[in-house]
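J.:
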Amino acid sequence: MNPHPPASDNAPRLSVIVVSYKCLEVLRECLDSLFDTGEQLQIVVVDNASGDGTSEALRHEYPEVTLIENRENVGFPAANNQGLEIVEADSVLLLNPDTIVTEGAVQTLLAFLEGDVRPKIAGPMIFNTDGSLQDSVHRTIPRPLRFVGEQIGILRIASYAESADPSELPVERAPALVGWVSGAALAFNRDVIALIGNLDERMFWAEDLDFCYRAQTAGIPVYYLPGARIIHHCGESGKKNYRRMIGAQYSSRVQFAKKHFGRLTELTLRAAFGIMLPVKMGIRVIQLPLSASRAEKLDRLAGYWDAWMSCLPRRLAGRRV
Numbered sequence: 014m015n016p017h018p019p020a021s022d023n024a025p026r027l028s029v030i031v032v033s034y035k036c037l038e039v040l041r042e043c044l045d046s047l048f049d050t051g052e053q054l055q056i057v058v059v060d061n062a063s064g065d066g067t068s069e070a071l072r073h074e075y076p077e078v079t080l081i082e083n084r085e086n087v088g089f090p091a092a093n094n095q096g097l098e099i100v101e102a103d104s105v106l107l108l109n110p111d112t113i114v115t116e117g118a119v120q121t122l123l124a125f126l127e128g129d130v131r132p133k134i135a136g137p138m139i140f141n142t143d144g145s146l147q148d149s150v151h152r153t154i155p156r157p158l159r160f161v162g163e164q165i166g167i168l169r170i171a172s173y174a175e176s177a178d179p180s181e182l183p184v185e186r187a188p189a190l191v192g193w194v195s196g197a198a199l200a201f202n203r204d205v206i207a208l209i210g211n212l213d214e215r216m217f218w219a220e221d222l223d224f225c226y227r228a229q230t231a232g233i234p235v236y237y238l239p240g241a242r243i244i245h246h247c248g249e250s251g252k253k254n255y256r257r258m259i260g261a262q263y264s265s266r267v268q269f270a271k272k273h274f275g276r277l278t279e280l281t282l283r284a285a286f287g288i289m290l291p292v293k294m295g296i297r298v299i300q301l302p303l304s305a306s307r308a309e310k311l312d313r314l315a316g317y318w319d320a321w322m323s324c325l326p327r328r329l330a331g332r333r334v
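Now the structure itself:
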């Protein structure tokens with residue numbers, strides 16, 4: 014493990030919030046990469062009741078880190094909001110635990126956030142571990158049609174003007190205005206929170222989309238910053254609970270549609286999901302005997318079932334999203 018810099022009385026330039034859940038090994042890599050930057054950082058780790066020794070390891074190996082221990086998994090948005098309550102720096106970075114900050118990334122983000130135009134949001138260029146670009150930036154805010162297109166395999170048609178292949182955006186170091194950026198590495202001035210509020214805790218999966226949408230509505234620009242580069246293991250912290258992940262994906266999309274596009278759009282999206290999800294479940298059932306990862310397929314099937322139930326009228330489902 015790389016040695017950590019000594020504690021300093023100097024005020025941090027950047028507050029970094031990392032939410033962890035059963036991902037100690039990749040979390041160590043993430044924290045080491047942050048300490049390697051040499052910047053004065055406030056690092057806050059919010060552990061969502063991992064129960065695997067994460068908290069104990071952090072206290073022993075990373076005493077410089079501010080640790081918040083939850084007794085239950087409160088979800089990604091709520092845990093980040095806990096961290097936001099104690100940030101000290103004027104610039105904030107929400108960072109997934111399964112990321113690695115490359116050399117110069119923090120400095121590039123800070124230089125941009127501390128520039129003349131404030132407040133603003135910025136997302137770095139994000140790479141997969143194999144070096145390929147990750148789908149982490151979008152030209153515009155997606156309309157609910159995109160969510161439907163995802164389910165019937167016409168995503169490229171339904172959202173051609175909304176999604177962006179990062180390779181099609183500027184690869185130079187100049188920032189570009191975009192619609193929204195991934196919450197895997199989401200940087201912003203702390204003033205953004207004062208203007209639009211914290212992450213919406215009702216959205217376990219679309220909190221980054223909602224955050225950027227609210228920011229743009231308030232006149233706060235969102236930028237893609239290719240000069241800052243992050244490596245993302247992609248899903249390491251969430252892959253162990255497919256049922257919850259899939260259920261959250263669908264319920265968050267419905268919640269986003271209701272919140273920003275109205276009741277009629279919400280009902281339309283519920284109806285579309287209500288028709289499409291049984292098809293997905295049927296496919297999963299057919300695949301079960303052929304699958305080597307039967308437990309994973311069953312977990313995914315349960316997630317689709319939960320999502321379908323959440324789309325039904327309350328009197329049938331007995332609960333709401």
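If you count the sequence shown from 1, position 169 lands on 182 in our numbering, and the numbers rise without skipping. Glycine included, every Cβ here is placed at the ideal spot set by N, Cα and C. Here the structure is a predicted model, which means the values were calculated and not measured.
Just mark residue 266 as buried or exposed, buried being the case when its beta carbon has 16 or more other beta carbons within 10 Å.
T.: The residue in question, residue 266, is buried, as its Cβ has 16 or more Cβ neighbours within 10 Å.
J.: With 16 other CB atoms within 10 Å as the buried threshold, where does residue 42 fall?
T.: The residue in question, residue 42, is buried, as its Cβ has 16 or more Cβ neighbours within 10 Å.
J.: DSSP on residue 316, reduced to helix/strand/coil?
T.: If DSSP states are grouped into helix, strand and coil, residue 316 belongs with the helices.
J.: Grouping DSSP H, G and I as helix and E and B as strand, with all else coil, what is residue 202?
T.: Here residue 202 sits in strand by DSSP.
J.: If you count every other CB in all the chains shown that lies within 10 Å of the CB of residue 308, and 16 or more means buried, which is it?
T.: Exposed, since its Cβ has fewer than 16 Cβ neighbours within 10 Å.
J.: What's the gap between the Cα of residue 137 and the Cα of residue 47?
T.: Taking the straight line joining both Cα atoms gives about 15 Å.
J.: Shortest alpha-carbon distance to residue 124 belongs to which of 322, 195, 202?
T.: With distances taken between Cα atoms, residue 124 lies closest to 202.
J.: By how many angstroms is the C-alpha of residue 147 removed from the C-alpha of residue 212?
T.: For residue 212 and residue 147, the distance between alpha carbons rounds to 23 Å.
J.: By the 10 Å Cβ neighbour count, where 16 or more other Cβ atoms means buried, how is residue 306 classified, buried or exposed?
T.: Classification of residue 306: exposed, given that the 10 Å Cβ count is below 16.
J.: Just confirm the distance between the C-beta atoms of residue 107 and residue 65, as a whole number of angstroms; I'd bet it's less than 8 Å.
T.: Not a contact, Cβ separation roughly 22 Å.
J.: For residue 270 versus residue 88, is the C-beta distance shorter than 9 Å?
T.: Against a cut-off of 9 Å, the Cβ pair of residue 88 and residue 270 comes out as no contact.
J.: Kindly list the residues whose CB is nearer than 7 Å to the CB of residue 71, restricted to its own chain and excluding five residues on each side of it in sequence; keep chain order.
T.: Result list for residue 71: 58, 78, 80, in chain order.
J.: Which same chain residues end up closer than 8 Å to residue 122 when comparing Cβ atoms and leaving out the 5 residues on each side of it in sequence?
T.: Same-chain partners within the cutoff: 27, 104, 106, 135, 137, 200, 238, 241.
J.: Beta-carbon within less than 8 Å of residue 320's beta-carbon, same chain only, minus the 5 sequence neighbours each way: which residues are those?
T.: Once the five neighbours on either side are set aside, the close Cβ partners of residue 320 are 259, 260, 262, 263, 264, 286, 290.
J.: Just to confirm my understanding: we take residue 94, look at its own chain, exclude 5 residues before and 5 after, and list those with CB closer than 7 Å. What are they?
T.: Counting only Cβ-Cβ distances below 7 Å, and skipping sequence neighbours, we find 211, 212, 214.
J.: Check residue 128 in the structure and name its three-state DSSP category.
T.: Here residue 128 sits in coil by DSSP.
J.: Beta strand (DSSP E) containing residue 273: first to last residue?
T.: That residue, residue 273, is in no beta strand (DSSP E); its alpha helix (DSSP H) goes 255–274.
J.: Assuming residue 60 is part of the beta strand (DSSP E), what are its boundary residues?
T.: Here the beta strand (DSSP E) through residue 60 covers 54–60.
J.: What does DSSP give as the partner residues of residue 81 in its beta bridges?
T.: Looking at the DSSP assignment, residue 81 forms a beta bridge with 59.
J.: With the cut-off set at 9 Å, would you say residue 190 and residue 236 are in Cβ contact?
T.: A contact, by the Cβ cut-off of 9 Å.
J.: Confirm, please, whether the CB-CB distance from residue 68 to residue 82 is below 9 Å.
T.: Their beta carbons are under 9 Å apart, which means residue 82 touches residue 68 by this criterion.
J.: I'd like to know whether the C-beta of residue 51 is nearer than 9 Å to at least one C-beta of chain B.
T.: Here chain B cannot be found, since the structure has a single protein chain.
J.: Figure out for me which residue from 99, 126, 268 has the closest Cα to the Cα of residue 156.
T.: For residue 156, the nearest C-alpha among the options comes from 268.
J.: Which word fits residue 33, buried or exposed, when buried means at least 16 other C-beta atoms lie within 10 angstroms of its C-beta?
T.: Classification of residue 33: buried, given that the 10 Å Cβ count is 16 or more.
J.: Can you tell which of 314, 197, 24 has the C-alpha that lies nearest to the C-alpha of residue 114?
T.: With distances taken between Cα atoms, residue 114 lies closest to 197.
J.: If residue 314 sits next to residue 297, beta carbons under 8 Å apart, how far is it from one beta carbon to the other, in whole angstroms?
T.: Contact flag correct, Cβ pair sits at about 5 Å.
J.: Determine the contact status of residue 192 and residue 229, defining contact as a CB-CB distance below 9 Å.
T.: Yes, they are a contact pair.
J.: Using a Cβ-Cβ cut-off of 8 Å (strictly less than) and excluding sequence neighbours within five positions of residue 231, which residues of its own chain qualify?
T.: Around residue 231: 208, 209.
J.: Do you know how far the Cα of residue 277 is from the Cα of residue 56?
T.: When rounded, the distance between both Cα atoms is 42 Å.
J.: Could you pull out every residue in the same chain whose Cβ sits closer than 7 Å to the Cβ of residue 218, ignoring the five residues on either side in sequence?
T.: Excluding positions up to five away in sequence, the list reads 261, 262, 265.
J.: State the beta-bridge partners of residue 216 as determined by DSSP.
T.: In DSSP, residue 216 forms no bridge with anything.
J.: Please go through the same chain and pick out, in chain order, the residues whose beta-carbon is closer than 6 Å to the beta-carbon of residue 316, but skip the five residues on each side of it.
T.: Cβ neighbours of residue 316 beyond the five flanking positions: 255, 256, 259, 260.
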